[in-house]
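J.: Residue numbers (my numbering): -15 to 267.
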Amino acid sequence: MKEKVFMVLVLLFLVSCGELPEGSENNGNSYGLGLYSSPMLMGDIVEKAATGVYVEGTDITNPNLPFVELTPNKTTTIVNGRLSPVAVKQASIFEVVSAMNDSLEVTTSCHTGLPVNNCMSSFIYKPKCNGQVTSHVKLQADKGGAKVISVMGNADSFSTECEKNIEDNVTMKISSSSHYFNNINEIYYFTVELNKPAKNGYRYSANGAANGFYYSYECYHSDSKTCNGFIQLLGKIGRYECKGETELALKIKAEYFEGAKEVTFTAKGFGLGHDDNYTCLMK
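(1) Excluding the 5 residues preceding and the 5 following residue 149 in the sequence, name in chain order all residues of the same chain whose CB lies nearer than 8 Å to its CB.
(2) Assign residue 194 to one of two classes, buried (16 or more other C-beta atoms within 10 Å of its C-beta) or exposed (fewer than that).
(3) Look up residue 142 in the DSSP assignment and say whether it is helix, strand or coil.
(4) Hey, out of 168, 131 and 104, whose CA is closest to residue 218's CA?
(5) Take residue 108 as the anchor and find which of 211, 249, 138 and 91 has the nearest alpha-carbon.
(6) What does DSSP give as the partner residues of residue 28 in its beta bridges?
(7) For the stretch 118 to 191, which segments carrying the beta strand (DSSP E) assignment without a break, of at least 3 residues, lie completely within its bounds, in sequence order?
(8) Leaving out five residues before and five after residue 22 in sequence, what residues of the same chain have Cβ atoms less than 7 Å from its Cβ?
(9) Taking the straight line between their C-alpha atoms, what separation do you get for residue 103 and residue 62?
(10) Determine the direct distance from the alpha carbon of residue 143 to that of residue 201, and round the result to whole angstroms.
(11) With 16 as the cutoff for other CB atoms within 10 Å, does residue 233 come out buried or exposed?
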């Protein structure tokens, strides 16, 4: 039977007032998973803060529409993201998350490219089972709400049905739920373990900077039950030293985009800056 394949590109504009991460620099293409080292931070939250992220691609006829349906049997789409307004060249605060599975792979430079204004994500659909599969890239910078790019594929000519990425009733255990940072640039590593493995090669990566901290973690890359990551006290917001006590609650989910069970790691520290415009704990 002739295989039917279609993809839908969904642009979800999630307006969250989050005070996310601080941005910056680091080179090139990432495969959409792995750990990412702390970038050089160059953004300015006072004079030239980004107001959001603009998304465009050859398959997007109108970036304001929530759904864009691609032609049948098309299996690849490329989406570009950049800071807005166009005059902003670096973000002070950012977060990027990418998630994929075996049937719908993501290659993205956004983990390191978004903080310096430009990044690309490529979605490749290679169906291996019947039913719907979805992969995502989340982009957020400075004062704008998050944008989630979701690509869906559906097939009906295989012998097996697609499984859920994460089973129900999963339990999560984190190696430590909190840490107090005594020194600037101190790094703390953590591990999250699930009692049930991820399915279909599901895996995701997240990184960002907020409240004077930088964090990076990846889930199910080398182990289908484990998330590994670190958080670092930079003591900076953009390129500026930030001032005063700060805290960041990092929520790590079993399946990031489905609202599955989560654990929280709380980081606390103190910035050494002197300018009241750059408090580490942002409101």
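C-beta atoms are modelled at their ideal positions from N, C-alpha and C, and glycine is treated no differently.
T.: Quick answer:
(1) 85, 182, 183, 184, 186, 239 and 242
(2) buried
(3) coil
(4) Considering only alpha carbons, the answer is 168.
(5) 91
(6) 32
(7) 130 to 139, 156 to 158, 162 to 164 and 171 to 178
(8) 198, 216 and 218, listed in sequence order.
(9) 11 Å
(10) 35 Å
(11) exposed
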